[in-house]
Amino acid sequence: MSRVRLQEVTKRYGETVAVDRISADIADGEFLTLLGPSGCGKTTTLRMVAGLIEPTEGTILFDDQVVNNVPPHRRNIGLAFQSHALFPHLSVGRNVAFGLEVKGRKKEDIAARVREMLAMVELGDFGDRLPSQLSGGQQQRVALARMLATDPRVLLFDEPLSALDRNLRDTLKYSILALQRRTRKTAIYVTHDQSEAFAISDRIFVMNRGRIEQAGSQLDIYLRPQSEFVANFVGDNNALRGQVIAVTPAAEGLPGLAMIQSGAVRATAANTAELAVGDPVLAFVRPENIEVLFDEEGRDEPEVVSGTVDQIVFEGPTIRLVVDVDGTPLRVAVGGLARLGLLDAEKRTVRLRLREASLVRDPAIGAASEPASSRVPA
Ligand SMILES: Nc1ncnc2c1ncn2[C@@H]1O[C@H](COP(=O)(O)OP(=O)(O)O)[C@@H](O)[C@H]1O
Ligand SMILES: [Mg+2]
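Numbering-wise, the UniProt record's numbering puts 53 at position 53 of the sequence shown, and it's gapless, one number per residue.
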């Protein structure tokens with residue numbers, strides 16, 4: 001088991017800064033995910049932890065040991081990639097045994113360990129098959145068994161599921177989580193897929209252009225994005241630029257509130273950024289948090305706005321609208337039975353109520369800091 005720390009780690013390739021002064025403290029047994037778009041530096045970060053790439057600057061520690069000069073095979077890590085690279089000519093059992101044989105373990109110990117690992121990934125009866133005689137998902141489970149066989153202290157995953165079809169990804173992500181929970185090993189998992197990151201992580205680092213844009217729990221990242229990038233990359237969001245027009249201070253256990261105006265749109269939100277009247281602000285409102293009101297509902301509420309439905313897309317469980325509110329296009333998602341009342345709403349005027357906005361000061365400062373509430377206990 002290991003705590004993993006990165007201190008101001010940078011990787012440059014000539015002019016390209018692949019990873020830009022990343023610092024992280026990953027607790028023993030924590031499941032941490034690096035989430036971000038292609039090219040943001042996830043793989044480079046992971047490979048530096050693995051020892052496959054040398055940092056240009058900065059320090060990497062496993063527990064209290066600086067590992068910068070420790071070669072990959074001495075770091076005691078388990079690696080899983082998109083292509084699991086099983087040896088095609090070796091049986092499943094020999095594949096799992098491989099790392100143990102390299103380490104020169106005793107034959108009977110190896111046999112016992114292989115049985116234990118294959119049982120753990122529910123492939124107990126498949127030890128004698130060749131990889132080509134297994135499905136893609138089974139092959140990936142063999143790769144997991146092989147990864148765990150040598151009892152590594154840190155598990156590193158680089159988009160291990162991205163080559164599989166969706167149903168398999170959904171099942172296997174929970175297998176990976178279950179294995180990590182059972183073995184209680186520190187894990188760093190790289191993905192560009194938000195739903196994967198949300199399903200399995202203790203904590204998520206959203207990366208952008210080589211930096212950690214926001215670190216926190218699923219709730220922090222989804223409900224309280226600290227930048228426009230995070231607000232847009234994780235799920236869908238309406239980003240409204242405007243000004244604070246009123247504030248209510250916190251009192252008696254109730255949070256302080258700020259009311260913002262952006263064009264014709266008004267919204268109220270928790271004033272976590274400690275904004276004052278007149279401050280420029282970016283308000284994020286998720287499409288599913290905009291309510292379409294019917295009949296006389298909300299007629300006199302100051303924060304209810306009306307607009308014209310410009311576009312409708314029926315997606316099955318939800319209907320998506322684009323509503324023009326005095327020149328501001330708002331994306332709205334409606335689920336449940338209410339969506340069926342909107343099928344012919346194009347060009348109609350509707351009233352909207354915005355709920356659960358989150359606010360950051362504009363221009364958004366790329367917040368690499370992390371709120372104290374998001375820390376995962378070790
Ligand atoms: N060996 C390399 N030489 C030059 N540039 C590289 C090399 N490896 C990665 N990069 C660049 O570094 C950035 C981060 O890459 P990478 O870590 O692979 O991103 P991700 O895994 O998030 O898609 C990209 O701009 C990529 O083009
Ligand atoms: Mg990558």
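Glycine included, each C-beta is placed from N, C-alpha and C at the ideal position.
Predicted model, so just to flag it, every value in this text is computed and none were measured.
Checklist line | Buried/exposed call for I365, threshold 16 Cβ in 10 Å | finding: Because I365 carries a pLDDT of 37, less than 50, the predicted location of this residue cannot be relied on, and the following value inherits that uncertainty. Flag for I365 reads exposed.
Next item on the list: Return the bridge partner residues of Q261 from the DSSP annotation.
Entry: Q243 and R266.
Item checked: Alpha carbon of P280 to alpha carbon of R47, nearest angstrom -> Using only the alpha carbons, I get a separation of about 40 angstroms.
Check: Where does A18 sit, in a helix, a strand or coil, going by DSSP?
Finding: Correct three-state label for A18: strand.
Next item on the list: Specify the secondary structure class of E8 as computed by DSSP and reduced to three states.
Entry: Three-state result, E8: strand.
Notebook entry, point to check: Using the beta-carbon count (16 or more within 10 Å), is I221 buried or exposed?
Noted result: By the neighbour-count rule (16 or more Cβ atoms within 10 Å), I221 is buried.
Item checked: Boundaries (first-last residue) of the alpha helix (DSSP H) holding N95 -> Counting along the chain, the alpha helix (DSSP H) containing N95 begins and ends at V92 to V102.
Check: Taking Cβ to Cβ, would you say L34 is nearer than 7 angstroms to M207?
Finding: For L34 and M207, yes; Cβs fall inside 7 angstroms.
Checklist line | Complete beta strand (DSSP E) runs within the stretch 270 to 358 (minimum length 3 residues, chain order) | finding: Inside the stretch 270 to 358, DSSP marks whole beta strand (DSSP E) runs of 3 or more residues at positions 280 to 285, 290 to 293, 304 to 314, 318 to 325, 328 to 335 and 349 to 354, from first to last along the chain.
Item checked: Cβ shell of T268 (< 8 angstroms), same chain only, five flanking positions each side left out -> For T268, where only same-chain residues beyond five positions count, the Cβ hits under 8 angstroms are L257, A258, M259, I260, E303 and A357.
Notebook entry, point to check: How would the residue list near ligand 1 read, in chain order, if you kept each one whose beta-carbon is closer than 5 angstroms to any heavy atom?
Noted result: Of all residues, those with a beta-carbon under 5 angstroms from at least one heavy atom of ligand 1 are Y13, T16, A18, S38, G39, C40, G41, K42, T43 and T44, reported in chain order.
Margin query: Can you tell me which residues form a DSSP beta bridge with R211?
Written below: Beta-bridge partners of R211 (DSSP): N208.
Checklist line | Chain-order list of residues whose beta-carbon lies under 6 angstroms from that of G58 (same chain, five-residue window excluded) | finding: Excluding its 5 nearest sequence neighbours in each direction, G58 has C-beta neighbours in its own chain below 6 angstroms: Q7, E8, V9 and T10, listed in chain order.
Item checked: Touch test, the stretch 151 to 167 against the stretch 186 to 193, Cβ-Cβ under 8 angstroms, three pairs minimum -> Short answer: they touch.
Next item on the list: Drop a sphere of 10 angstroms on the beta-carbon of P255, count the other beta-carbons inside from all chains shown, and report buried for 16 or more, exposed for fewer.
Entry: Answer is exposed; the Cβ neighbour count stays below 16.
Next item on the list: Verify the CB distance criterion: does I110 have a CB-CB separation below 7 angstroms to chain B?
Entry: This model lacks chain B altogether, as it is built from one protein chain only.
Check: How far does the alpha helix (DSSP H) with G136 in it reach, from first residue to last?
Finding: Run containing G136: G136 to A149, per the alpha helix (DSSP H) assignment.
Notebook entry, point to check: In angstroms, rounded to a whole number, what distance separates the CA positions of Y174 and L223?
Noted result: One C-alpha to the other measures close to 24 angstroms.
Checklist line | Q65 - DSSP class collapsed to helix/strand/coil | finding: Three-state result, Q65: strand.
Check: With a cut-off of 8 angstroms, do at least 3 Cβ pairs link the stretch 238 to 257 to the stretch 199 to 219?
Finding: Counting C-beta pairs closer than 8 angstroms gives fewer than three between the stretch 238 to 257 and the stretch 199 to 219, which falls short of the contact rule.
Check: Taking contact to mean at least 3 C-beta pairs separated by less than 8 angstroms, is the stretch 83 to 100 in contact with the stretch 114 to 124?
Finding: Taking a contact to require three or more Cβ pairs closer than 8 angstroms, the stretch 83 to 100 and the stretch 114 to 124 qualify as touching.
Note to self: Measuring only the C-alpha atoms, how far is G235 from Q226?
What the structure shows: Going from the Cα of G235 to the Cα of Q226 covers about 14 angstroms.
Checklist line | Element boundaries [beta strand (DSSP E), containing I77] | finding: Boundaries of the beta strand (DSSP E) harbouring I77: I77 to A80, taken from the DSSP string.
Next item on the list: Taking 7 angstroms as the cut-off, decide whether the C-beta atoms of V313 and V323 are in contact.
Entry: Taking 7 angstroms as the Cβ cut-off, V313 and V323 do not qualify as a contacting pair.
Margin query: Do G51 and R75 count as a contact pair if the criterion is CB distance below 7 angstroms?
Written below: Yes.
Notebook entry, point to check: Can you round the beta-carbon distance between V305 and V265 to whole angstroms, since I take them to be within the 8 angstroms contact cut?
Noted result: Contact annotation, V305 with V265: C-beta distance approximately 6 angstroms; criterion of less than 8 angstroms satisfied.
Checklist line | Pick from E296, E228 and A273 that is closest to R286, judged by C-alpha positions | finding: Considering only E296, E228 and A273, the residue with the shortest C-alpha distance to R286 is E228.
Note to self: Buried or exposed, going by whether 16 or more other CB atoms sit within 10 Å of the CB of K106?
What the structure shows: Result: exposed.
Note to self: Just to confirm the assignment, what range does the beta strand (DSSP E) spanning I188 have?
What the structure shows: Looking at the DSSP string, the run of the beta strand (DSSP E) that includes I188 is T186 to T191.
Note to self: So if DSSP puts N238 in a beta bridge, which residue, or which two residues, is it bridged to?
What the structure shows: In the DSSP assignment, the residues bridged to N238 are V285.
Note to self: Need the endpoints of the beta strand (DSSP E) that T33 sits in, please.
What the structure shows: From DSSP, the beta strand (DSSP E) with T33 extends over F31 to L35.
Notebook entry, point to check: With respect to the alpha helix (DSSP H) encompassing V49, which residues constitute its N-terminal and C-terminal limits?
Noted result: Its alpha helix (DSSP H) spans residues K42 to A50.
Item checked: Close beta carbons around N237, own chain, < 6 angstroms, minus the five adjacent residues each side -> Listed in chain order, the non-local C-beta contacts of N237 below 6 angstroms within the same chain comprise A231, F284 and R286, local neighbours out to five positions each way being set aside.
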